[in-house]
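Below is one structure, written out as structure tokens; the observations come after it.
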Amino acid sequence: MAEHGSQSAEETPWWRGAVIYQVYPRSFADDDGDGTGDLAGVRARLPYLAELGVDALWFNPWYPSPMADGGYDVADYRGVAPEFGTLAGAEKLITDALELGIRTIVDIVPNHVSSEHAWFRAALASPTAPERELFWFRPGRGPGGELPPNNWVSEFHGSAWTRTTDPDGTPGDWYLNLFDSRQPDLNWAHPQVRQEHEEVLRFWFDRGASGVRIDSAALLEKDPALPDLVPDATAEPEGTDGPAQPEGTAGAAGPEGAAEPTRPHPYIDRDGLHTIYRSWRAIADSYPDPRVLIGEIWLPDTERFARYLRPDELHTAFNFDFLSCPWEPIRLRASIEATLAAHAPVAAPATWVLANHDVTRTVTRYGRADTSFGFATKARGVPTDLALGTRRARAAALLTLALPGAVYIYQGEELGLPEVEDIPPDAIQDPMALRSGGTSPGRDGCRVPLPWSGSEPPYGFSPVGATAPPWLPQPTDWADRTAYAQIGEADSMLELYRTAIRVRRAEPSLGDGDLTWLPGAPDQVLAFSRGNTFACVVNLGPDPVDLPNHDSILLASSPLPPAHHLPTDTAVWLRL
Ligand code: GLC
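Letter by letter, the sequence shown follows residues 0 to 575 in numbering that gives the first Met the number 0.
Printed below as a string of structure tokens:
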């Protein structure tokens, strides 16, 4: 396996200003025609990704899995799901991508395993199996143990506990699952759990992975007493309409301003996590080209969030505050400022994320009356104006790509794909929807297979002669959203992303660094410079505004009138 190019001490580490493209392997490209995306499909489209100009790919889990939660139920951390390919195929993908200058980040899922994982199967085989210590097995409450051990609520609705049946057929202990019942939580107080994950990190780092994205990174450690949550810390009590929120409802920064968790919370953001991540950092740093740790951390408290980014812990974490923020100038500016202020003391770069495989697609969200994102407010049948949402998503793309730090692009964002909101009920796969009793649309709507070419499903996602349709049905009106239809079309979303990333790469002041707010901009405008010669100006108000003095216009998210006024919902990059 080729070793990564070495990096001199003076160079800025690549991850501080990277553009990272998120691949949801199931939905990217299907090479073998079974209706499910696969790693060979990604390999075949590496030139597309190189042309887009991204620095790295983050892959959602590709491991063997029953796919109860889209692969976040991992049965074997050292393999590749047969429907996605083979371990050798993953190694080849990592090598081929690197030859094009694209690094690979794999998704590590340490909070829970699949109920099909060997440890959990062994744990279920006998009430006295030693493997039970690797999980959270407890007797139930009530005379016959028929009540769950505590009142914790699953992030996917219902109790966070599932009762087992002993091999003799009698009802047995319960086990903890913060997500689906097929995702039992691991006991991170057990040394074997720690050792196993350290070995898994090395396994993928040794195969050339440049880093890991750490799933549910703030949830691993539990209070061993497993106390009931006090009511005000249970942000999603049963019986409310909204769906649960991934990553600890009690700790998620919802648009409504979710309550701070009572500390110490029994399973969110516990202090012992920092010891775990320090040991991971030592492993990442032990490689000649140090590997990168990226945390999925939903915490409303930016100071607590930044603690994970201290120099001997994680390198970066997703900025969910910005992702959840409405398309509203004062709120966005406040989010940007709070982000930069929180990162500065730990000298970590910020990240900017508009979308991922869990949240509503940007062009749909920005076309709604409420443009914020929150799991609890996700509902069916919310009207949206896609033309408006697309216009704003284009401006948001230029905004994020100009901010200091790293940027994540979720596959299909560069094509301007909308959320698919009419997936037939019998095609829904997401446990968040299935466990909600019909109240939550779940997350399948942003996971629909990508359209590559042609005028009807499967739009080149699967090859001609495929034996099965795409695993989620694609809309019939995506002909103009295919990659092929957009290549070379000057006003397409794809060309906007390609051009913006190209300009960003060539612009030394973009990526890592600082920003300076331009004085005198009206409240409806976000205007900042990067270095002395570059500025980004975004007009979020209803009326056109004057542009600040500039030399030339590098790029605009929508056509500009001749007088160089900046129209509503438009962003522009200026040479000062
Ligand atoms: C993270 C993932 C989400 C998954 C959950 C449980 O929030 O992004 O897709 O369902 O963790 O692993």
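Glycine is no exception: its CB is placed at the ideal position from the N, C-alpha and C atoms.
Burial state of residue i, where buried means 16 or more other Cβ atoms lie within 10 Å
| i | result |
| --- | --- |
| SER491 | buried |
| VAL229 | exposed |
| ARG515 | One point to set straight first is that residue 515 is Thr, not Arg, in the sequence displayed. Per the 10 Å Cβ criterion, exposed. |
| ALA395 | buried |
| LEU38 | buried |
| HIS602 | Since the first residue of the chain shown is 0 and the last is 575, residue 602 is not available in this structure. |
| ALA467 | exposed |
| PHE122 | According to the sequence shown, residue 122 is Ala rather than Phe. So ALA122 counts as buried. |
| THR248 | In this prediction, THR248 has a pLDDT of 37, which is less than 50 and means its spatial position is unreliable; what the coordinates show is noted afterwards. Answer is buried; the Cβ neighbour count reaches 16. |
| ALA432 | buried |
| ILE104 | buried |
| ALA281 | exposed |
| THR164 | exposed |
| SER113 | buried |
| SER285 | exposed |
Nearest-angstrom Cβ-Cβ length linking residue i and residue j, presumed shorter than 8 Å
| i | j | result |
| --- | --- | --- |
| ASP485 | LEU559 | For clarity, residue 485 is Gln in the given sequence; the question names Asp instead. Between LEU559 and GLN485 the Cβ distance is about 21 Å, and since that is not below 8 Å, they are no contact. |
| PRO328 | ASP522 | 6 Å |
| ILE500 | VAL53 | 7 Å |
| LEU397 | TRP572 | 6 Å |
| ARG306 | VAL199 | Contact flag wrong, Cβ pair sits at about 24 Å. |
| ARG367 | ASP311 | So it is not a contact: roughly 42 Å between Cβ atoms. |
| ARG377 | SER439 | According to the sequence provided, residue 377 is Lys. The question's Arg does not apply to it. Sure, about 6 Å apart at Cβ, within 8 Å. |
| PRO355 | SER215 | The displayed chain sequence assigns Asn, not Pro, to residue 355. ASN355 to SER215, Cβ: 13 Å. No contact. |
| THR569 | ALA555 | 6 Å |
| ILE267 | LEU218 | 6 Å |
| HIS538 | LEU565 | The identity of residue 538 in the sequence shown is Asn, whereas the question assumes His. Confirmed, about 5 Å. |
Cross-strand partners of residue i (DSSP beta bridge)
| i | result |
| --- | --- |
| PRO230 | Note: PRO230 sits in no beta bridge, so no partner. |
| GLN21 | TRP57, TYR409 |
| PHE527 | TRP516, CYS535 |
| SER551 | ARG574 |
| HIS189 | Looking at the DSSP assignment, HIS189 forms no beta bridge with any residue, so it has no partner. |
| ILE104 | TRP57, GLY210 |
| VAL291 | GLY210 |
| THR475 | The partner list for THR475 (beta bridge, DSSP) is empty, contrary to what the question assumes. |
| PRO170 | THR164 |
| SER158 | VAL152 |
| HIS111 | ASP184 |
| HIS564 | ASP545 |
Inter-residue spacing [alpha-carbon to alpha-carbon] between residue i and residue j
| i | j | result |
| --- | --- | --- |
| GLY88 | GLY100 | 18 Å |
| THR399 | TRP351 | 6 Å |
| GLU295 | GLN182 | 17 Å |
| SER371 | ARG529 | 27 Å |
| PRO263 | ARG303 | 12 Å |
| GLY168 | ASP429 | 30 Å |
| ALA375 | PRO289 | 38 Å |
| ALA392 | PRO24 | 24 Å |
| PRO561 | ASP550 | 15 Å |
| GLY207 | PRO382 | 45 Å |
| PRO236 | VAL152 | At PRO236 the pLDDT is 33, less than 50, meaning the model places this residue with poor confidence; the figure from the coordinates comes in the next sentence. One C-alpha to the other measures close to 7 Å. |
| THR11 | VAL544 | 36 Å |
| GLY437 | SER125 | 35 Å |
| SER461 | LEU51 | 21 Å |
| SER334 | TYR409 | 21 Å |
| GLY157 | LEU525 | 42 Å |
| SER180 | PRO348 | 36 Å |
| GLU82 | PHE527 | 46 Å |
| LEU449 | TRP187 | 37 Å |
| GLY70 | ILE107 | 11 Å |
| GLU506 | PHE58 | 27 Å |
| ARG360 | ASP443 | 11 Å |
| LEU495 | VAL502 | 11 Å |
| GLY380 | CYS445 | 15 Å |
| LEU387 | THR363 | 9 Å |
| ALA224 | ALA49 | 50 Å |
| TYR483 | PHE202 | 37 Å |
| ALA465 | ALA426 | 19 Å |
| ALA337 | ASP75 | 39 Å |
| VAL447 | ILE293 | 25 Å |
| LEU272 | ASP222 | 12 Å |
Residue i CB to nearest heavy atom of the ligand MG below 6 Å
| i | result |
| --- | --- |
| PHE178 | No copy of the ligand MG occurs in the structure displayed; its ligands are the ligand GLC alone. |
The segment 504-511 / the segment 15-30 touching (three or more Cβ pairs under 8 Å): These segments touch.
Count the C-beta pairs between the segment 129-137 and the segment 171-189 that are closer than 8 Å, then say yes if the count reaches three, no if not. Yes, the segment 129-137 is in contact with the segment 171-189.
Counting pairs of beta carbons, one from the segment 449-456 and one from the segment 420-431, are three or more of them closer than 8 Å? Under the 8 Å Cβ criterion, the segment 449-456 does not count as touching the segment 420-431, having fewer than three qualifying pairs.
The segment 29-38 in contact with the segment 475-485 per 3-pair CB rule at 8 Å: The segment 29-38 vs the segment 475-485: no contact.
Quick check: the segment 341-356 against the segment 307-317, are at least 3 beta-carbon pairs closer than 8 Å? Touching, yes, given that three or more Cβ pairs across the two stretches are closer than 8 Å.
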